[in-house]
Structure formats: C-alpha cells, structure tokens
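K.L.:
Chain order of the listed sequences is A and B.
The first sequence maps to residues 489 to 647 in the numbering used here.
The second sequence maps to residues 489 to 647 in the numbering used here.
C-beta atoms are modelled at their ideal positions from N, C-alpha and C, and glycine is treated no differently.
In this text the structure is predicted, and so the values were computed from the model without any measurement.
There are 2 protein chains.
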Amino acid sequence: MSENVDSILGDQASVPAAAEFARRCRDVGLADTPQRRVIFAALTSSKDHPSAEVLHGRVKERLPRISLATVYRNLSLFVEKGLVDGVATASSHARFDANPHKHHHLICKSCASVTDVYSAAYDALGVDRLESGGFEVQEIKVTGYGLCPRCKTKETNDA
Amino acid sequence: MSENVDSILGDQASVPAAAEFARRCRDVGLADTPQRRVIFAALTSSKDHPSAEVLHGRVKERLPRISLATVYRNLSLFVEKGLVDGVATASSHARFDANPHKHHHLICKSCASVTDVYSAAYDALGVDRLESGGFEVQEIKVTGYGLCPRCKTKETNDA
DNA sequence: GTACGTGCAAAATATTTGCGTTACC
DNA sequence: GGTAACGCAAATATTTTGCACGTAC
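Here's what the structure looks like:
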C-alpha cells in the first residue's frame, strides 16, 4: 500500500477534497487510509445509491486488491460516524406491520425496534408536495430515527 | 392439514375476523389457507413489528409444521397485495448515500432504484411534530414509494 | 379436476468475523 | 512502537427456489 493516493483518486477527488476527508476522519476518530479515501470518493461521485457490493466493484477499479469485507466494515463505520447516510430499502431484514390505521414509524438506531406513531400533521402531507420529476409517487412514509426510551436510559447510564 | 382452523386461531382471530380475512384474500386473488390465516392473525396481534423469522417462531406455536419459506412467501405476497406493510430497517440490502445536502428519497417499488429529491416543505418538518412518547427523535426522513420513470413506461407497455 | 399452495432441502445471496500481516500516527 | 486497519478465507445469516405432494375452489 505505497501507491500515490492522489493519482489513485484522480480527478474524482481533488487534493482539497482529500484534505477535507482527512480532517473529517480525524474529527470522528478514524484513521485516514487510502481505502477509506477511495471508498468515500467513489460514493461521493456516484449519482445512484450503490449497495456495498456495487461500490466494491467501483472501488476495485482503483484499488484492485481491496476486499469486500473492508468495504462493508467502512460503510458501517461511515454510517455510524455520520459521514454517509444509509438508505434502508425493501426486502432484507424487513419488519412487518398489519396496523390498518394511518401511522408513521420511529426506529431506534441502537436496538432497531420499531414503534408506531400517530401524527395528524404528517398524515396531511400530500404526495403532490414532492417534486418528483417523472417519478410516480404512490405513497409517502415519514420515519423518525433516534433512541427508544430503553436505549436512551442505557446510553445515559453508560456515559 | 385437516385441523380445525377456528380452534387453531383461538381467541386471537375470532370467526368474524377469519371471514373478513377470507374476503380480503378473495379480493386480491389469493387462496384462503390455514397458513395464511395464522400468519396474518399472528401479525395482527403483534404489538411489535416482527421480522419474518420471529413471526415464523410465533406461527409455529399454532402450526408446528409450517416452514420458514411459507412465511417468507406469504409476507411478500401480503406486502405486494397491500394487506400488510413492510418496514425497511437498516443493515441488510442497504444502499448508501454521501450527498451532504438535506434531501429526501424516492424508492421505486419495481426496480428498487433510489432517487434524491429536494423539498423545502419537507425540510421544514420539525422533529417536535412527532408525538414521540419518550422516544428521542434525532432525525426525520421522508420517503416516497412508487414507480420511477423507466418502470412506469415499462408497466404501461406491458399492460 | 386443475391450479395454486405447502414443506423440505438445497441453493443463492448477503454480511460478519478470526487471524496473520501491514500501515497509520 | 503500539494500535488500528487490511486482505483473505471461512463462518453466519438471510432469502429464494425446485420439486413432489396436498388442498382450495
């Protein structure tokens, strides 16, 4: 791992961007490694929202020896530290709900529990409010992320 | 599979509820089977939002021979037909996003593509608007589900 | 009676982990 | 130099599928 990182990153991650990434890593207590730079740069320059596996494919073009495990490990860390955003899509690890009343969800970031919540204000949100550029929006869901009462207590005690 | 379904369902699914379920199945073109009744009843009587595996455990108490595959198959069908709601949680099959600007997501129900969308109205939604009962809401995300332009075109042509 | 649904077991897919080596600070 | 990170490969976890048999309508 003695390659020139700037040349690896090329024009998708200019030197200032690399310095900015190094600073953000320091802020959250992560080492600034070539792998992390390339993963982050690849994600930043992606217009779509790649999965870990797709991103690994792109990153390998620049660091052919990088492992999928490293991509998974670092994406988890980036999400945990708030450097990137994880988007939950359907299927895997899905949870199910047969509550027929209009409601929204609160998801605990710590224990992943799901709580139903009722909000007249959110119920009133219209599909038309999303400027959707050709996308046919059929349904809108509002989800709050945070800490459930149990995990909030635990976190307070740990600290 | 000649057991008495009413006794299997017990008080968690009264006879009227069973009839109601049969009607809803008919409406969406699904056969009314004992497995489906029990899966649906178990979900309806769950206060939490169980995963497929957890639900399978509960359903097995009533139908010990039911397979996990049947639970997966039927949950997918129920979601597809709108009888139950699938809640996407973090981790598995996650997609990632390094867009630092405040934005929301549109997810295509057909191809699972994710599109960023900007909405001043949604950005203005406050955390305080969710009556959260002890849950510490740190972040709110609005997600629209529907058909992306590409899939909408395809669906129109298929029909 | 026929098409659909189920159980079983195997396959496919996705994600995590242990461990020896290497690189960051 | 010590700790954190990496690559590799194996282990887990999750979800889907083929097939033979049984059941709903």
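So, at 8 Å on beta carbons, what are the nonlocal neighbours of C599 (chain B) in its own chain, with the 5 sequence-adjacent residues on each side left out?
P.N.:
Counting only Cβ-Cβ distances below 8 Å, and skipping sequence neighbours, we find C636, R638 and C639.
K.L.:
Which residues in the same chain as D573 (chain B) place their Cβ atom closer than 8 Å to its Cβ, once the five residues preceding and following it in sequence are excluded?
P.N.:
These residues qualify, in order along the chain: V567.
K.L.:
Note the first and the last residue of the continuous beta strand (DSSP E) segment covering G632 (chain B).
P.N.:
Where G632 (chain B) is concerned, the enclosing beta strand (DSSP E) stretches over E624 to L635.
K.L.:
Would G574 (chain B) pass as an interface residue toward chain A - the criterion being a Cβ-Cβ separation below 8 Å?
P.N.:
Closer than 8 Å to some Cβ of chain A, the Cβ of G574 (chain B) qualifies, so yes.
K.L.:
Which bits of chain A does G545 (chain B) rub up against, with CB to CB less than 8 Å?
P.N.:
Ordered by position in chain A, no residue passes the 8 Å Cβ test against G545 (chain B), which lies about 14 Å from the chain.
K.L.:
To be precise: take each residue of the stretch 582 to 595 of chain B, compare its Cβ to all Cβ atoms of chain A, and keep it if any distance is under 8 Å. Which residues remain?
P.N.:
The stretch 582 to 595 of chain B vs chain A, Cβ under 8 Å: A582, R583, F584, D585, A586, N587, H592, H593, L594 and I595.
K.L.:
If you draw a straight line from the C-alpha of P504 (chain A) to the C-alpha of R550 (chain A), how long is it?
P.N.:
If I take the Cα positions, the gap works out to 19 Å.
K.L.:
For my contact list, D585 (chain A) and V575 (chain B) are in at a C-beta cut-off of 8 Å; report their separation, rounded to the angstrom.
P.N.:
Yes, they are in contact, since the Cβ atoms of D585 (chain A) and V575 (chain B) sit about 6 Å apart, within 8 Å.
K.L.:
Say whether the stretch 589 to 606 of chain B touches the stretch 540 to 555 of chain A, bearing in mind that this needs 3 or more beta-carbon pairs closer than 8 Å, one atom from each stretch.
P.N.:
Touching, no, given that fewer than three Cβ pairs across the two stretches are closer than 8 Å.
K.L.:
Going by beta carbon distance, what residues of the same chain come within less than 6 Å of N562 (chain B), once the five residues before and after it are set aside?
P.N.:
For N562 (chain B), where only same-chain residues beyond five positions count, the Cβ hits under 6 Å are R524 and I527.
K.L.:
Cβ of T603 (chain A) less than 8 Å from any chain B Cβ?
P.N.:
Closer than 8 Å: yes.
K.L.:
Whose CA, out of B:K569, B:S539, B:E624 and B:E508, lies closest to the CA of K642 (chain A)?
P.N.:
Residue B:E624 is the option with its Cα nearest to K642 (chain A).
K.L.:
Taking only runs that begin and end inside the stretch 513 to 537 of chain A, name each unbroken alpha helix (DSSP H) of 4 or more residues, in chain order.
P.N.:
Within the stretch 513 to 537 of chain A, the complete alpha helix (DSSP H) runs of at least 4 residues are 522 to 532.
K.L.:
According to DSSP, which residues form a beta bridge with C596 (chain A)?
P.N.:
Beta-bridge pairing links C596 (chain A) to A:G634.
K.L.:
Identify each residue in the stretch 510 to 530 of chain B for which the Cβ-Cβ distance to at least one residue of chain A is less than 8 Å, and report them in chain order.
P.N.:
Correct list: F528.
K.L.:
Could you check what DSSP says for E491 (chain A) in three-state terms: helix, strand or coil?
P.N.:
Because E491 (chain A) sits at a pLDDT of 37, beneath the cut-off of 50, its placement in the model cannot be relied upon, and the following sentence gives the value as read from the coordinates. Of the three classes helix, strand and coil, the one that applies to E491 (chain A) here is coil, per DSSP.
K.L.:
Fully enclosed by the stretch 542 to 605 of chain B, which beta strand (DSSP E) runs are 3 residues long or longer?
P.N.:
Listed in chain order, the complete beta strand (DSSP E) runs (minimum 3 residues) inside the stretch 542 to 605 of chain B are 573 to 575, 583 to 585, 592 to 596 and 602 to 605.
K.L.:
When you compare each of A:A506, A:G632 and A:R553 to E627 (chain B) by their alpha carbons, which one comes out closest?
P.N.:
That would be A:G632, whose Cα lies nearest to the Cα of E627 (chain B).
K.L.:
Is the Cβ of L635 (chain A) closer than 8 Å to any Cβ of chain B?
P.N.:
Judged by the 8 Å Cβ criterion, L635 (chain A) is in contact with chain B.
K.L.:
Grab the span of the alpha helix (DSSP H) containing A609 (chain B) for me, first residue to last.
P.N.:
Counting along the chain, the alpha helix (DSSP H) containing A609 (chain B) begins and ends at A608 to D611.
K.L.:
When you compare the CB of P538 (chain A) with every CB in chain B, is at least one pair closer than 8 Å?
P.N.:
Taking Cβ atoms only, chain B reaches closer than 8 Å to P538 (chain A), which makes this a yes.
K.L.:
When we look at the beta-carbon of P538 (chain B) and count the other beta-carbons within 10 Å, is it buried (16 or more) or exposed?
P.N.:
The residue is buried, with at least 16 neighbouring Cβ atoms inside 10 Å.
K.L.:
Please say whether V602 (chain B) and T521 (chain A) have beta carbons closer to each other than 8 Å?
P.N.:
The answer is no: Cβ separation not under 8 Å.
K.L.:
Output the distance between the C-alpha atoms of K569 (chain B) and V516 (chain B), rounded to the nearest integer angstrom.
P.N.:
Each residue's alpha carbon lies about 6 Å from the other.
K.L.:
Do N587 (chain A) and D604 (chain A) have their CB atoms nearer than 8 Å?
P.N.:
Yes, Cβ-Cβ distance for N587 (chain A) and D604 (chain A) is below 8 Å.
K.L.:
Suppose contacts are defined by Cβ-Cβ distances below 8 Å. Is A540 (chain A) in contact with Y560 (chain A) by that definition?
P.N.:
Contact flag set, yes.
K.L.:
If you draw a straight line from the C-alpha of P552 (chain A) to the C-alpha of T558 (chain A), how long is it?
P.N.:
If you take the alpha carbons of P552 (chain A) and T558 (chain A), they lie about 12 Å apart.
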